[in-house]
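Each residue of the sequence shown is one higher than the one before, starting from 123 at the first, in our numbering.
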Amino acid sequence: MDNCRDNEVLSNRDFSTNLNVVSYVQVRVLGKGAYGKAVLYRNAVDNSLVVWKEIDIDKNKINEIQNEIDILSILDHPNIVAYYNHFVYIDTVFIEMEYANAGSLSNYLRQLKEDLSESCVLWYFFQLIYALDYIHKLHIIHRDIKTLNIFLTTSTLLKIGDFGISKVLNEDEFANTQVGTPVYMSPEVIQGLPYSSKSDIWASGCVLYEIISRKKLFEYSNHLSLAMKIINGEFQTMPNCNNSDLLDLLQRLLLNEPTKRPSAEDVLKHPVWKGNCQSMIDQVHRTNQANSNSRPCSGDRKERSIVSLNSEVFVWGGGKINALKIEQFQEKDSALQVAAGGSHFVVLTAEKDLYTWSNIQGDKKLSGQLGHGAIVYKIPKLVQSLKGVCIKEVSCGEETTICLSTNGEMFGCGSNYYGELGINSNETEMINQFEKITVTDPIDKSPVIINQISCGHHHAAAIGGCEDLLFTWGCGEYGRLGLGHEDNIYKPTLVDIPLHKCKLKLVYCGYDTTFIVHKCSDRLLGCGNNQYNKLGINIHAQGLSGSSQKNLCYDVPFETKFKIVAVLRNVKVSTVSCGNSHTAVLDIYNKLYIFGDNSYGQIGLGHTKTHKDVNKSSKVFAGKKIEKISCGDYFTIVSTTNNEIFGWGRADSGRLGLEITVDQRCVLHPRALFGTLQKCADIQSFGWQTIMITERILETSTISANSTAIMDKLSLKNVNSFETEYDKDGSGDIQTWLRKELQEDVIYMDQVSVNLHSINVNSYSSNNSNELYSCECGCQKCQNYIKFLENRIRLLCDKNILQ
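If you want it as structure tokens, here you go:
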């Protein structure tokens with residue numbers, strides 16, 4: 123299951139038309155544990171990422187599973203991993219939750235080569251305390267705060283997760299069960315005393331120390347040594363820090379006496395924040411809003427279909443006759459979207475990372491469109507300058523790459539000779555690192571959120587605002603920008619489009635054309651070069667009365683403003699693709715229309731003669747539904763819902779991935795390109811080359827929402843009753859003899875004052891728990907105290923808390 127060949131899918135995008143089934147494609151396994159694993163999935167409809175926590179149903183874990191579900195379902199906070207739903211399949215519970223795409227805080231700190239800046243320390247710790255304040259006011263204590271249970275996003279949001287052993291308390295109630303991770307346990311937990319939310323505060327102090335110093339608060343050789351250091355406060359020296367307020371806060375969090383520790387609310391009032399709490403809260407919510415997907419309803423009872431899927435990336439053309447499989451995207455980094463330029467390829471992965479590489483022929487030089495600086499890679503390479511930016515869409519020009527982030531920001535690199543990067547400069551001709559492209563409202567100069575992008579050979583376009591604004595920039599020849607002139611434009615400029623109050627469904631930039639589709643009418647409009655009538659705006663009429671001519675022709679060489687595509691006036695358009703001299707359109711009923719030049723048979727008529735009208739779907743496609751279309755310079759490729767891929771038009775230099783004879787330059791009829799059935803998940807042709815993602819379904823099964831049979835096992839009870847029933851006397855599943863011994867020994871906690879520094883514990887082993895240790899004073903009280911600690915350690919080992 124760890125690679126895409128054995129991917130599992132919780133699936134609906136193309137695998138089912140049932141609206142009661144939701145579809146997910148497995149990306150990778152994030153981690154495994156004793157009772158299950160966490161798996162990253164991609165929503166097949168909106169490409170959002172979610173985590174499914176897959177837990178094997180074990181009678182000893184039923185209460186813990188139900189506890190996590192109950193607690194997560196009531197929490198809604200930007201710094202807490204969001205719960206979406208839970209489902210059951212045979213003997214496994216699936217908990218669907220939010221994905222924090224930068225991993226755990228523990229891994230992040232371990233990978234750092236130098237200490238974090240003070241501002242970063244405060245930013246991360248503020249978010250932790252902000253989340254703790256939220257759950258503590260709901261009378262919930264987490265009980266396992268540690269860097270492994272704290273997760274980060276690439277936008278620097280921090281999120282608390284893993285509420286499996288959390289507890290909901292009544293006001294002023296104390297918990298007794300010994301749970302948590304040893305190095306983060308508070309003194310009261312180690313000593314078996316009742317504890318409250320102040321135990322989470324202690325753990326947050328341990329985390330703060332770790333964030334500052336990148337080291338654990340306690341160094342220890344065995345469990346008894348750790349327990350005694352925690353009780354006596356023998357942690358490492360305070361980290362080097364010039365902020366006295368921060369050190370003061372750290373010391374307060376780590377006070378031995380719980381009542382003297384501040385609450386989370388008190389921490390938010392500490393001078394260390396310098397009165398900036400509200401602005402930081404606002405920043406948290408803004409960042410979360412920009413990067414979050416709409417939260418699924420926790421009451422959603424749709425089925426999930428599990429599909430085993432094989433996903434692969436192929437490239438061909440540009441001199442390569444046979445399709446070449448890119449192995450890198452077959453395993454860990456499954457591809458989500460692909461794009462092609464004149465001499466480069468781009469892949470956007472399911473985890474929203476961007477990979478680029480070149481396909482250079484001859485002595486041609488690149489213009490920085492890979493985004494790797496001056497370095498040119500011929501194999502896929504992660505774009506480091508965009509690491510941390512969540513990318514949702516990418517498009518390529520002849521020598522440019524422009525991508526769009528999930529929060530509506532554009533980034534671009536490559537040639538800016540015609541202004542195609544939109545950086546508002548005609549002096550910079552090339553940028554080899556991704557830079558932000560700013561789009562502003564022409565009236566109030568405020569930033570515009572971008573929804574969709576498209577690149578032509580030397581121009582680009584974007585839909586922004588509430589999908590009602592169109593911006594274009596770059597080369598203006600033939601009026602391809604739709605601005606009413608042919609001037610080059612060096613920054614995104616608002617276009618005055620017909621029916622400007624109607625939202626836009628699609629923008630597509632061709633070689634020297636631009637097309638848009640209105641959302642309200644599904645009508646297609648175009649501008650730019652109309653040679654061969656590739657805009658479809660020419661009008662031909664016959665037999666008009668009163669006319670001296672039998673045939674009237676209205677041929678437009680080019681159009682500088684958007685006009686209705688006359689040949690498709692009554693067609694509801696779904697998508698568009700353009701070659702150098704022809705255009706292919708797919709309507710909402712999956713019917714194909716092609717118009718423009720036919721010199722290489724790219725229209726699919728079976729010949730290369732001039733054809734002024736629109737060619738509708740070939741007879742080859744009778745009974746088939748076309749799903750994807752892609753036009754290269756002089757060829758056309760389509761895929762069907764039957765998982766077939768066809769191509770026709772110019773075929774030399776590997777354009778169609780077919781081996782042809784020297785004399786056979788063109789394929790005049792649609793020809794199958796792959797011998798086996800392959801589902802085309804995404805395809806992009808540019809010039810003479812093509813890149814495609816294929817998927818093949820291997821196996822399918824279905825899970826149902828909240829299966830009653832398993833829910834009977836889970837016993838949907840009130841979360842407040844969980845701990846009471848599971849641990850009525852605060853001792854859980856401790857054996858009777860051990861519970862009695864603990865009850866006898868616990869009296870020493872209040873009676874004995876021991877110099878813990880004098881006790882020799884360095885050779886302690888939990889496997890030798892009957893051994894008594896000496897101290898410098900040799901008194902019986904010290905021996906009794908050590909015996910008590912040994913029993914506490916034995917208890918924690920029996921409950922699998924110390925391993």
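Heads up, the beta-carbon is just placed ideally off N, CA and C, and yes, glycines get one too.
So is T550 in contact with chain D if we call contact Cβ pairs under 9 Å?
-> This model lacks chain D altogether, as it is built from one protein chain only.
Note the first and the last residue of the continuous alpha helix (DSSP H) segment covering K320.
-> 320–335
How close, in whole Å, do the beta carbons of V570 and G586 come, if the pair is a contact with beta carbons under 8 Å?
-> 4 Å
Do you know how far the Cα of L234 is from the Cα of L268?
-> The sequence shown places Lys at residue 268, not Leu. K268 and L234: Cα-Cα distance of roughly 18 Å.
How is N410 classed by DSSP in three states: helix, strand or coil?
-> helix
Looking at the structure shown, is Y711 part of a helix, part of a strand, or coil, going by DSSP?
-> coil
Leaving out the 5 sequence neighbours to the left and right, which residues in its chain are closer than 7 Å to L480 when beta-carbon positions are compared?
-> Looking at the sequence shown, residue 480 is not Leu but Ser. The residues are S465, H466, L488, L492, V498, Y499, K500.
What residues in its chain sit with their C-beta under 8 Å from that of L152, if we drop five residues either side in the sequence?
-> K159, A160, V161, L162, V173
Do G510 and S277 have their CB atoms nearer than 9 Å?
-> yes
Below 6 Å CB to CB, which residues in the same chain sit around K474 once its five sequence neighbours on both sides are set aside?
-> C512, I513
Mind the definition here: the stretch 752–766 touches the stretch 690–701 only if three or more C-beta pairs lie below 8 Å; say whether that holds.
-> yes
Three-state class that DSSP yields for R645 in the structure shown = coil
Alpha carbon to alpha carbon, how far is V460 from E449? Give it in angstroms, no decimals.
-> 15 Å
In the DSSP assignment, find the beta strand (DSSP E) that holds R772 and state where it starts and stops.
-> 767–772
Straight-line Cα distance separating V147 from C642 = 31 Å
Please classify A744: is it buried, with 16 or more other beta-carbons within 10 angstroms of its beta-carbon, or exposed?
-> exposed
Which runs of the alpha helix (DSSP H) spanning at least 4 residues fall entirely within the stretch 173–245, listed in chain order?
-> 184–196, 227–233
Helix, strand or coil: which one does DSSP assign to F340?
-> coil
What runs of the beta strand (DSSP E), each 3 residues or longer, lie entirely inside the stretch 460–536?
-> 466–471, 476–480, 513–518, 522–527
My guess is that V437 and I751 are in contact by the Cβ rule of under 8 Å, so how many angstroms apart are they, rounded?
-> With a Cβ gap of about 18 Å, V437 and I751 do not count as contacting.
Could you pull out every residue in the same chain whose Cβ sits closer than 6 Å to the Cβ of D105, ignoring the five residues on either side in sequence?
-> Any question about residue 105 goes unanswered here, given that the chain covers just 123 to 925.
In angstroms with no decimal places, state the Cα-to-Cα distance between L526 and E557.
-> 12 Å
DSSP puts Q806 in a beta bridge; with which residues?
-> I813
Do you know whose CA, among E379, A349, T705, R336, lies nearest M360's CA?
-> R336
Excluding the five sequence neighbours on either side, which residues of its own chain have a C-beta within less than 6 Å of the C-beta of D719, listed in chain order?
-> Y654, S703, H704
Please determine if the stretch 591–608 and the stretch 679–687 are in contact, where contact requires at least 3 C-beta pairs separated by less than 8 Å.
-> yes
Looking at the structure shown, is I267 part of a helix, part of a strand, or coil, going by DSSP?
-> coil
Three-way DSSP call (helix, strand, coil) for T381 in this model = helix
In chain order, what residues of the same chain have a beta carbon less than 7 Å from the beta carbon of L330, not counting five sequence neighbours either side?
-> F247, L372, L375
Could you pull the start and end residues of the alpha helix (DSSP H) that Q373 belongs to?
-> 366–375
Selection from Y715, D677, P679, V678 that minimises the alpha carbon distance to R691 | Y715
Just to confirm, does R383 get its C-beta within under 8 Å of one of the non-hydrogen atoms of the ligand MG?
-> Because no ligand of any kind appears in the structure shown, any question about the ligand MG cannot be addressed here.
Classification of Y886 by the beta-carbon crowding that lies within 10 angstroms, buried from 16 upward | Any reading at Y886 is ruled out, since the residue's pLDDT is 41, under 50, leaving its predicted position unreliable.
Validate contact between the stretch 625–637 and the stretch 590–600 using beta carbons, cut 8 Å, 3 pairs | yes
Which word fits I725, buried or exposed, when buried means at least 16 other C-beta atoms lie within 10 angstroms of its C-beta?
-> buried
Tell me which same chain residues have a C-beta within less than 8 Å of the C-beta of L486, skipping the five on either side of it?
-> The sequence shown places Lys at residue 486, not Leu. Only S465 meet the Cβ criterion.
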